[in-house]
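See below for the structure under consideration.
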Amino acid sequence: MLRKLLIGTALASGLAFAAHAEDVKEVQMLHWWTSGGEAAALNVLKGDLAKEGYAWKDVPVAGGGGDAAMTALKAMVAAGNYPTASQMLGYTVLDYAAAGVMGDLTETAKKEGWDKSVPAALQKFAVYDGKWVAAPVNVHSVNWLWINKAVMDKIGGTEPKTFDDFVALLDKAKAAGVTPLALGGQNWQEATMFDSVVLSTGGPEFYKKAMNDLDDASLKSDTMKKSFDNLAKLVTYVDPNFSGRDWNLATAMVIKGDALVQVMGDWAKGEFHAANKTPGTDFLCYRFPGTDGSVIYNSDMFGMFNVPDDRKAAQVALATATLSKSFQSAFNVVKGSVPARTDVPDTDFDACGKKGIADLKKANEGGTLFGSLAQGYGAPPAVANAYKDVISKFVHGQIKTSDEAVTELVKAIDDAK
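Structure below.
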């Protein structure tokens, strides 16, 4: 569908930008980084490019999951109005590359040694048909708990190692009159939490089969039913006003001590950082119970479009800056993620960042680094969207039982393939 929509836009883009030859020193970036922590992280890149004389033209589209931004991008590209780059996730990069609208960063990649420093799991999405079409910005992992330490101390809680431990911890918070689990009732947030629940319930091999390989037997299994039962249990600990809440507002509940814990990707740590909170003192970061040793990842990438020649220098400058070791460290310290390069020292990272870097290395070497289905790295967008829809309907009571949820999930994924 995307290919049909974009056919012919390569010619249109040349005409659309013919009048903009004077804008060679400008980088136009479409993204959905609009929270405080995200904006602070992006300012690192803006500053680096400003030093090289490049102006920055923001095209921000609010919405933490990026769906609204991708709708805006599709309209821009269909009109031949290519940005210099767009924030993208995984399979979306490959979709646009297959449509023939992406640029070619291979020369820059060879010069900068990206093939040796960027993990193979990321190169799978940044390289298409032998050409680098995107610059990976970071590696996020989604299987984290973010806990308010003062509340944890108040209830006498300890790190939960199993799902049952986690439920017991939530019960303690509930008994103390604190909202146990901060959640935003948006489909991508609910599905992101379910990624961790599936890994915790079924283990690494099951997660890979069900969520990356889309193995029919695994999707239909009793283990998947149990995963839905465990999700249903967690939802009983959220507050009644969770529906529609933005993810960063859920994080703020934990920061303020209004809630004990949030299950969220490590971009949540950027909000703690922006609020001047310190790990170990103000908050705690643990892997989702039962998932230690595995990492469910996504990676923000800057997909680079096939812009006219007079805009390519700005694009190369953006790509080079993005994967410089100094930026990879400075940006990810603020963002909460870890570098997309494996040769960046962890010196400037806090305790959570150091753990994230070590966990990524271990998972990458041990075969337990898995793409997040909720975050666009487990399967193509149509499948991921179908997955998010089913999970959200289950969370909000439109799908009543785990048996029904499994049936609907299998049907939705089959229809989306």
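Here the working numbering runs 4 ahead of the position in the sequence shown, where the first position is 1.
We treat Cβ as the ideally placed atom computed from N, Cα and C, and that holds for glycine.
Small disclaimer: the values here were computed from a predicted structure and weren't measured.
Item                                                                                                                                                                    : Value
Quick check: what's the CA-CA separation for Leu53 versus Tyr95?                                                                                                        : 27 angstroms
Once the 5 residues before and after Asp233 are set aside, which same chain residues still bring their CB inside 6 angstroms of it?                                     : Ser406
To the nearest angstrom, how far is the alpha carbon of Leu377 from that of Ile361?                                                                                     : 21 angstroms
If I measure Cβ to Cβ from Ala186 and keep anything under 6 angstroms in the same chain, skipping five residues before and after, which residues do I get?              : Ala254, Met257, Val258, Ala263, Gln266
Leaving out five residues on either side along the sequence, give the residues of the same chain with a beta carbon under 7 angstroms from the beta carbon of Pro123.   : Thr346, Asn368
Under the DSSP definition of a beta bridge, which residues are partnered with Phe309?                                                                                   : Met106
By a C-beta neighbour count over all protein chains shown, 10 Å radius and 16 as the cutoff for buried, is Leu413 buried or exposed?                                    : buried
Given this structure, state the Cα-to-Cα distance separating Ala22 from Gln402, to the nearest angstrom.                                                                : Interpretation of Ala22 is limited by its pLDDT of 40, a score under 50 that renders its predicted location unreliable; no figure is taken from the coordinates.
Quick one: any contact between the region 176-183 and the region 156-164, if contact means 3 or more CB pairs under 8 angstroms?                                        : yes
Quick check on DSSP: helix, strand or coil for Phe425?                                                                                                                  : Only positions 5 to 421 of the chain appear in the structure, and residue 425 is not among them; the question remains open.
For Gly84, which of Lys366, Met305, Pro312, Val342 has the nearest alpha-carbon?                                                                                        : Pro312
When the Cα atoms are used, what is the spatial distance from Pro184 to Thr324?                                                                                         : 43 angstroms
Taking contact to mean 3 or more Cβ pairs, one atom from each stretch, closer than 8 angstroms, check whether the region 119-138 and the region 242-250 are in contact. : no
Please report how far the alpha carbon of Asn80 lies from the alpha carbon of Trp251, in whole angstroms.                                                               : Note on residue identity: the sequence assigns Met, not Asn, to residue 80. If you take the alpha carbons of Met80 and Trp251, they lie about 27 angstroms apart.
Taking all protein chains shown into account, decide if Asn280 is buried (16 or more other Cβ within 10 angstroms of its Cβ) or exposed.                                : exposed
Assuming Leu203 and Thr295 make a contact with CB atoms under 8 angstroms, what is their CB distance in whole Å?                                                        : 5 angstroms
Could you tell me the distance, in whole angstroms, from the CA atom of Met156 to the CA atom of Lys359?                                                                : 20 angstroms
Going straight from the alpha carbon of Gly2 to that of Ala172, what length do you get?                                                                                 : Outside the shown range of the chain, which is 5 to 421, sits residue 2, and nothing can be said about it.
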